[in-house]
Every structure is written in C-alpha cells, then in structure tokens.
Amino acid sequence: MKNKILAISAAVLAASPALAQTAPAGGGGLSETLPTLLMFGLMFVVFYVLLIRPQQKKVKEQQAMIAAVRRGDRVVVSGFIGTVTRVQDDEVQLELAEGVRVRVLKPAITTVLTKGDVKPDSKEASEG
Numbered sequence: 029m030k031n032k033i034l035a036i037s038a039a040v041l042a043a044s045p046a047l048a049q050t051a052p053a054g055g056g057g058l059s060e061t062l063p064t065l066l067m068f069g070l071m072f073v074v075f076y077v078l079l080i081r082p083q084q085k086k087v088k089e090q091q092a093m094i095a096a097v098r099r100g101d102r103v104v105v106s107g108f109i110g111t112v113t114r115v116q117d118d119e120v121q122l123e124l125a126e127g128v129r130v131r132v133l134k135p136a137i138t139t140v141l142t143k144g145d146v147k148p149d150s151k152e153a154s155e156g
C-alpha cells in the first residue's frame, strides 16, 4: 500500500512542469516598472481631466453666482422660489410670497433665476 502511494506521488511530481522550472532571474529594474508607472500616471491625468477639473469649475461658478446675489434677484433655495430682499455676509432674506420672508444661508442657493430689480410680467401682475 505504501509503495502504491509513493509511486502515485512520484508520478504526480514528475508530471508537474512547474516544479522542474528554475526560479526567474532578479528584477529587470526600471525597464519593467516604467510602463506600469506611466499607466498609473496616464490614469491620473484622465481622471483629473474628466472628473476632478470639471467639478472644481462647477464649484467656482457656484461660489461666484452666490457672491453676486443682490437685492431683487429671484433665486431657488431648496426648491422654494423667492425674491432676495436683503443680503448680509453669510445669509439672505427671501420673500417667498407677499409678507412671507425667510432668512437662508447663502450656500443653500442653488440657482439665480433673474438678476436685479426686474419688473413683474403683466401675467404675474394680473394674478397677484
């Protein structure tokens, strides 16, 4: 029984080419790592151009829009549309409806619909 196990083990070991191979030679140095480094560098550039840079541009545009908000602008804040009645350092006062005024933080402003003191349309004037 022991001889059969030894014979099977010897056959398996003899048939395995991985055991017969020698160990690979030492590292190839810079010539092997350079393509990998270039690939990672290229991936970073692609991510920067396609993802990071456009997001930074949007953030700057949003900050500029918020900094330019003035009295009389119609803005959207958390889904509410209102007219800016007062601007302070970090907050604005909005008039959502006649006599309904709320204070909101400037970063909550998502969109500026119209700029400045705009006269209401005749359609809006007839409704109100």
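Every position in the sequence shown, counted from 1, becomes a number in the numbering used here once 28 is added.
Cβ atoms here follow ideal geometry from the backbone N, Cα and C, with glycine treated the same way.
According to DSSP, simplified to helix, strand and coil, what is residue i?
i	result
residue 91	helix
residue 123	strand
As a quick exercise: from the options, pick the residue whose alpha carbon is nearest that of residue i.
i	options	result
residue 111	141, 71, 89 and 67	141
residue 102	66, 125 and 80	125
residue 97	63, 137 and 36	137
residue 104	121, 117 and 116	121
residue 94	33, 32, 35 and 118	118
residue 113	85, 57, 143 and 106	143
residue 139	32, 90, 85 and 35	90
If you draw a straight line from the alpha carbon of residue i to that of residue j, how long is it in whole angstroms?
i	j	result
residue 100	residue 69	49 Å
residue 78	residue 108	32 Å
residue 135	residue 57	52 Å
residue 61	residue 72	17 Å
residue 75	residue 82	10 Å
residue 87	residue 80	11 Å
residue 133	residue 63	50 Å
For a minimum of 3 consecutive residues, which ranges assigned as the beta strand (DSSP E) are wholly contained in the stretch 65-118? Listed in chain order, they are 102-105 and 108-115.
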